[in-house]
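Residue numbers (my numbering): 71 to 232. The beta-carbon is built from N, C-alpha and C at its ideal position, and this holds for glycine as well. Report on the structure given below.
Listed below in structure tokens is the structure:
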């Protein structure tokens with residue numbers, strides 16, 4: 071267990087189309103992500119109007135809180151892009167248009183294998199030299215028409231050895 075946890079907050083936009091984190095951000099590999107570019111600072115470092123903030127929690131056996139158990143608030147209000155960069159993640163930006171079409175809503179199967187349902191966002195991922203995996207593009211239009219993406223429609227399955 072890494073001992074860290076974070077909570078991403080949308081304080082500035084609060085848009086139904088982007089309320090779930092997997093609709094504007096996803097992890098592609100151990101050190102690479104996709105993120106909607108309009109929540110990122112501009113090239114001059116000015117914060118985005120629709121930026122997201124992060125509260126970071128840390129696990130401690132020595133500290134306890136009635137609300138969070140053994141997790142305590144370590145940092146509050148860190149800009150999301152800054153948080154990702156500080157933790158060693160590269161970011162592949164995705165346009166707002168493509169993000170709204172589920173361009174960030176990919177499913178990471180592990181070992182660099184990604185399922186995606188948006189052609190242009192998939193191209194941006196595979197063209198980025200930091201991405202070393204494979205992307206399988208799926209026709210998911212019948213599901214995205216009902217406001218769901220690949221990651222949205224997945225669930226972790228925990229299996230025990232037979």
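- How is the alpha helix (DSSP H) around residue 217 delimited, first residue to last? Taking the chain shown and counting its residues from 1, one reaches residue 217 at position 147. For residue 217, no alpha helix (DSSP H) run applies, since DSSP gives it neither H nor E.
- Message: Helix, strand or coil, according to DSSP, for residue 205 in the structure here?
- Response: Along the chain shown, read from residue 1 onward, the residue named residue 205 stands at position 135. DSSP places residue 205 in strand when its eight states are reduced to three.
- Leaving out five residues on either side along the sequence, give the residues of the same chain with a beta carbon under 8 Å from the beta carbon of residue 154. Position 84 of the chain shown, counted from the first residue, corresponds to residue 154. Only 103, 105, 161 meet the Cβ criterion.
- So, is residue 217 buried or exposed, given that buried needs 16 or more other C-beta atoms within 10 angstroms? Locating residue 217 in the chain shown gives position 147, counting from the first residue. Residue 217 is exposed by the Cβ-count criterion.
- Please confirm whether residue 185 and residue 206 have their CB atoms less than 8 Å apart. Residue numbering aside, residue 185 sits at position 115 when the chain shown is read from its first letter. Residue numbering aside, residue 206 sits at position 136 when the chain shown is read from its first letter. The answer is yes: Cβ separation under 8 Å.
- Query: What does residue 191 pair with, by DSSP beta-bridge criteria?
  - Reply: Against the chain shown, residue 191 aligns to sequence position 121. Answer is none; residue 191 lacks a bridge partner.
- Message: Using the Cβ count rule (16 or more neighbours within 10 Å means buried), how would you classify residue 169?
- Response: As a first step, residue 169 must be located in the chain shown, where it is residue number 99. Classification for residue 169: buried.
- Query: Can you give the Cα-Cα distance for residue 199 and residue 192, rounded to whole angstroms?
  - Reply: As a first step, residue 199 must be located in the chain shown, where it is residue number 129. As a first step, residue 192 must be located in the chain shown, where it is residue number 122. Using only the alpha carbons, I get a separation of about 13 Å.
- Around the Cβ of residue 116, are there at least 16 other Cβ atoms within 10 angstroms (buried) or fewer (exposed)? Translated into the one-based positions of the chain shown, residue 116 becomes position 46. Classification of residue 116: exposed, given that the 10 Å Cβ count is below 16.
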